[in-house]
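A.B. asks: Protein chains in written order, with the working numbering: chain A, 1 to 129; chain B, 1001 to 1181. Idealized CB from N, CA, C, for every residue including glycine. The structure presented is a predicted model; accordingly, all values stated were derived computationally and were not measured.
(1) Of the choices 99/A, 89/A and 59/A, whose alpha-carbon is the least far from that of residue 13/A?
(2) Just the Cα atoms here: how many angstroms apart are residue 1115/B and residue 1163/B?
(3) Under 8 Å Cβ-Cβ, which residues of chain A neighbour residue 1125/B?
(4) Pull out every residue of the region 88-116 of chain A whose Cβ sits closer than 7 Å to any Cβ of chain C, in chain order.
(5) Spatial neighbours of residue 1001/B within its chain, please: CB distance less than 6 Å, with the 5 preceding and 5 following residues excluded, ordered by chain position.
(6) Can you find a C-beta in chain A that's less than 8 Å from the C-beta of residue 1117/B?
(7) On the DSSP letters alone, give me the boundaries of the beta strand (DSSP E) that residue 1134/B sits inside.
(8) Taking Cβ-Cβ distances shorter than 9 Å, what residues in chain A pair up with residue 1122/B?
(9) Please identify the residue among 1167/B, 1034/B, 1054/B and 1177/B whose C-alpha is closest to the C-alpha of residue 1084/B.
(10) Taking the C-alpha atoms as reference points, what is the distance between residue 1003/B and residue 1060/B?
(11) Pairing CB atoms from the region 105-119 of chain A with CB atoms from the region 1145-1153 of chain B, are three or more of them under 8 Å?
(12) Are any of the Cβ atoms in chain A nearer than 8 Å to that of residue 1131/B?
(13) DSSP three-state label for residue 1059/B, please.
(14) Out of curiosity, what's the CA-to-CA distance linking residue 143/A and residue 1099/B?
(15) Would you call the region 60-78 of chain A in contact with the region 1086-1106 of chain B, where contact means no fewer than 3 C-beta pairs closer than 8 Å?
(16) Just checking: is the beta-carbon of residue 26/A within a distance shorter than 8 Å of some beta-carbon in chain B?
(17) DSSP puts residue 1109/B in a beta bridge; with which residues?
(18) Would you say residue 50/A reaches chain B, if we count a Cβ-Cβ gap shorter than 8 Å as a contact?
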């Protein structure tokens, strides 16, 4: 259940650590984002760039990015009646072609991410539950 | 009033019999009628709901294995704090500490908690569901819990679970080593 102003952990290596949701895409205004939904977000906290280093980070503080939700605290109901819920809300930054911006994920991802068409995100995850 | 007005106009529109015969008639397949089981009350049972649940229980749990694990009256039942492994029909395994045992007929369920890659995961399984292939008790509760429902272990410093999947694997490897020494 993520909407405007929700703070979400970013679990890829793009450089972003914490993002704030500013828009849930393709949902009615009264609705909220769950696993597999796309959002627009602002990078609130990013990994610091050491002085004089040539490493260019893909996401910096204050940037506006798109992301897909991969874990939620709110339980997800599966068709067989089972439920799954995680301890945190997490997302992965993506580009316009639904491909992840980073190239590594740390942490599990819900099965619904793959079912919603984010196969590249799911394949990067160490475990899909 | 309105009907009286329309009636003569309809009669005027009506086509002659010759023209009507040119229409093609669509052939329909013969209608099949489902024959259902007689109503349970007429079969002589007391309650329709118990009749249906008993029937489904026999279908989903013919040997009564799952019932023995869930029934609060049985000695080998799953208790809160036990570590349980569940195998589903899609081939995935989930090992977790039992937080809640909910015995409520066909929709009896277990709430399991585990940590994978340092993230806590809670999963609720409907035990009598045909998607649940097997339920196995791996380890009995090592300590006494004061509550029936262990929601309070989430995020607790001492009581919260670790990566159970890894610890179960480790214990199995240790046992194997001990046996072959």
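C.D. replies: In short, the structure shows the following:
(1) 59/A
(2) 5 Å
(3) 82
(4) Structure shown: chain C not included; protein chains present are A and B.
(5) Interpretation of residue 1001/B is limited by its pLDDT of 48, a score under 50 that renders its predicted location unreliable; the figure taken from the coordinates is listed afterwards. Nothing meets the Cβ criterion.
(6) yes
(7) 1132-1139
(8) Chain A residues near residue 1122/B: 75, 83, 84, 85, 86 and 87.
(9) 1167/B
(10) A caution first: residue 1003/B carries a pLDDT of 49, below 50, which makes its placement in the model unreliable, though a value can still be read off. The alpha-carbon atoms of residue 1003/B and residue 1060/B are separated by roughly 60 Å.
(11) At 8 Å Cβ cutoff, the stretches do not touch.
(12) yes
(13) helix
(14) This structure cannot settle anything about residue 143/A, because the visible part of chain A is limited to 1 through 129.
(15) no
(16) no
(17) Looking at the DSSP assignment, residue 1109/B forms a beta bridge with 1102/B and 1126/B.
(18) Judged by the 8 Å Cβ criterion, residue 50/A is not in contact with chain B.
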